[in-house]
Amino acid sequence: MKNTEGATAIIIFGVTGDLTHRKLIPALYELLIGKRLPENLSIIGLARRDWDDDAMRYHLGQGIAEFARSKPISNEVVNNLSDRMHYIQSSFNELDGYVKLRKKIENLDVANCLYYLAAPPETYSTIIKQLGAATTSKSSPGWTRIIVEKPYGNDLDSARALDGDVHQVFDESQIYRIDHYLGKETVQNILVFRFANGIFEPLWSRRNVDHIQITVAETVGVGSRAGYYEQSGVIRDMFQNHILQLLALTAMEAPVAFDANAVRDEKLKILKSLRPLTGNDAITNTYRAQYVAGFIDGQRVLGYKDEVGVNPASTTETYLAARLNIDNWRWAGVPFYIRSGKRLPRRVTEIDIHFNHVPLPLFGWKNLAGDAPNVLSLNIQPDEGITLTFGAKAPGPLNEIAPVKMHFDYEKTFGGEPPEAYERLLLDCLNGDATLFTRTDEVQAAWAFTTDILNAWKSSPVSNLPVYEAGTWGPVGAEDLISSQDSHTWHMPD
Ligand code: BG6
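The sequence shown runs 115 to 608 under our numbering.
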């Protein structure tokens with residue numbers, strides 16, 4: 115492993131929170147099992163809660179028991195990880211806490227520091243300023259990096275302001291902005307599939323592609339996160355980051371090399387080529403809705419407005435569909451339809467490439483697949499794989515074409531589930547590889563596009579959003595969005 119000379123510390127701000135418990139510590143546990151962590155690694159947590167080292171070890175041990183991927187749990191590995199944990203109790207604005215942190219780093223003789231902002235986003239600027247003021251960010255002789263969780267700002271101005279604060283203390287090359295979708299194996303496979311295979315790339319353009327659909331459907335509701343979600347909605351929670359990243363990876367040109375800057379340069383070009391949606395264009399090319407009570411897996415679930423912490427008059431969208439265009443040479447004229455929502459019937463993330471139709475009527479042939487003769491589906495989760503749908507002659511005397519499928523199943527082929535995104539992302543950051551993290555210009559380009567839509571929505575406020583029943587595929591209006599201009603229909607995931 116590169117860059118691990120000397121002791122390393124991962125310093126987690128917000129170590130008592132959900133993310134650390136569910137994702138970060140279980141990911142470190144898996145990495146430790148795989149012997150991928152630096153030999154001399156400490157984990158230092160800083161948070162307000164009245165914990166000490168033992169409490170941190172106990173609580174995070176519970177997180178491993180509940181959320182680790184590899185079962186049964188190895189006590190030996192849990193103990194090994196626990197022995198590395200240290201807790202500092204402090205509020206995020208108390209300079210004294212950072213001075214204690216600096217001393218801890220010095221006492222542990224740490225050379226390399228990875229700071230992890232897993233705290234509420236409104237505390238980011240304070241934490242960074244205090245790290246700078248206590249010169250904690252400069253106290254180790256090796257490398258220093260910082261991982262910043264999403265949301266990275268809540269519009270273009272706030273993202274720029276946050277960047278300004280972060281750049282006061284850290285250089286861009288030290289900043290690792292997380293979009294955990296980029297850590298998913300099957301998301302990385304988009305690029306491998308496209309650029310490691312000779313047969314698909316020549317088809318990947320307006321010459322052969324009719325349109326592209328990206329679906330990110332969730333069964334979960336807002337859960338205990340109403341405070342955050344009310345201010346966010348799908349557009350900030352999923353669209354500005356995960357969905358635009360999936361779109362950029364699907365549409366980008368081949369990078370000149372497979373390294374952080376080359377890959378991010380190409381994604382940036384796509385984000386900048388998105389045709390801006392402003393004013394009325396934003397209204398007619400997006401469709402928002404909110405879930406009402408319904409059934410998920412046979413269980414009755416509450417409507418959004420009845421969830422704890424949600425304003426009963428809320429107009430926050432829990433579903434968004436949009437029609438986007440990429441105005442570049444490869445994609446001119448090819449619509450990209452995206453949709454994402456909470457409380458949909460199935461958890462599924464999928465990218466569907468719909469290829470051009472052939473003139474079957476010339477032969478008097480009928481395609482039973484209707485609108486979708488050839489579709490290549492990249493199944494990102496939960497059934498990771500790739501499916502190609504094509505037409506075959508249906509048995510019998512009539513010339514009818516039936517849709518059939520060729521399917522690659524990740525689990526059957528490679529055995530086992532792919533690793534968790536956070537395992538890969540933590541490891542890459544420890545190794546100094548920023549390819550799967552977002553760069554400042556990318557984040558700002560995504561916010562610039564998203565903020566135009568937000569501004570248009572703000573100028574045409576709605577008092578009641580359209581609704582959809584929990585457990586259904588979304589509102590009728592989303593069907594109209596895709597069918598009205600181009601007579602397409604949403605692809606039904608398998
Ligand atoms: C997060 C969002 O970024 O992604 C959540 O804040 C969402 O609202 C989650 O549920 C989905 O991630 P995944 O990996 O379960 O698809």
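Glycine included, each C-beta is placed from N, C-alpha and C at the ideal position. Keep in mind the model is a prediction, meaning the values are calculated, not measured.
If I follow the unbroken alpha helix (DSSP H) through Ala169, where does it start and stop? Asp167 to Phe181
Taking three-plus beta-carbon pairs below 8 Å as touching, is the stretch 421-430 in contact with the stretch 256-272? no
Euclidean distance between Cα positions of Val348 and Ala365: 22 Å
If you measure between the beta carbons of Pro533 and Glu144, is that distance less than 8 Å? yes
Can you grab the Cα-Cα spacing for the pair Arg378 / Thr552, in whole Å? 7 Å
Have a look at Met115 and Asn545 and give me their C-alpha separation to the nearest angstrom. Low confidence applies to Met115: its pLDDT is 42, below 50, so where it sits in the model is not reliable enough to give any reading.
Which first and last residues belong to the alpha helix (DSSP H) in which Gly278 is found? Leu270 to Val283
Flag Glu332 as yes when its Cβ comes closer than 7 Å to any non-hydrogen atom of the ligand BG6, and as no otherwise. yes
Flag this pair as yes or no: are the beta carbons of Ile494 and Arg457 separated by less than 8 Å? no
C-alpha distance - His521 paired with Leu231, whole-angstrom precision: 40 Å
Does the ligand BG6 have even one heavy atom less than 7 Å from the beta-carbon of Met352? yes
Helix or strand or just coil, what does DSSP make of Thr300? helix
heavy atom of the ligand BG6 below 7 Å from Lys264 C-beta: yes
Measuring alpha carbon to alpha carbon, tell me which residue in Val330, Ala121, Ile567 and Tyr582 is nearest Thr400. Ile567
I'd like to know whether the C-beta atoms of His325 and His605 end up nearer to each other than 8 Å. no
With DSSP collapsed to three states, give me the class of Tyr343. helix
Pair within 8 Å by beta-carbon distance, Gln404 and Leu579: yes
Which residues bound the alpha helix (DSSP H) around Tyr418? Note, Tyr418: premise wrong, no alpha helix (DSSP H); not H, not E.
On the premise that Arg216 lies in contact with Thr258, defined as a C-beta separation below 8 Å, what is that separation, rounded to the nearest angstrom? In fact, because the Cβ distance is near 12 Å, the residues do not count as touching under 8 Å.
Out of Phe504, Arg460 and Pro496, which has the shortest C-alpha to C-alpha gap to Ala483? Phe504
Got a sec, what are the start and stop residues for the alpha helix (DSSP H) Ala446 sits in? Run containing Ala446: none; DSSP gives neither H nor E here.
Determine the direct distance from the alpha carbon of Ile157 to that of Gly211, and round the result to whole angstroms. 16 Å
Across which residues does DSSP place Asp523 in a beta bridge pair? Gly499
Any heavy atom of the ligand NAP closer than 7 Å to the beta-carbon of Glu344? Although the ligand NAP was asked about, the structure shown includes only the ligand BG6 as ligands.
Find out if the Cβ-Cβ distance for the pair Tyr433, Val336 is shorter than 8 Å. no
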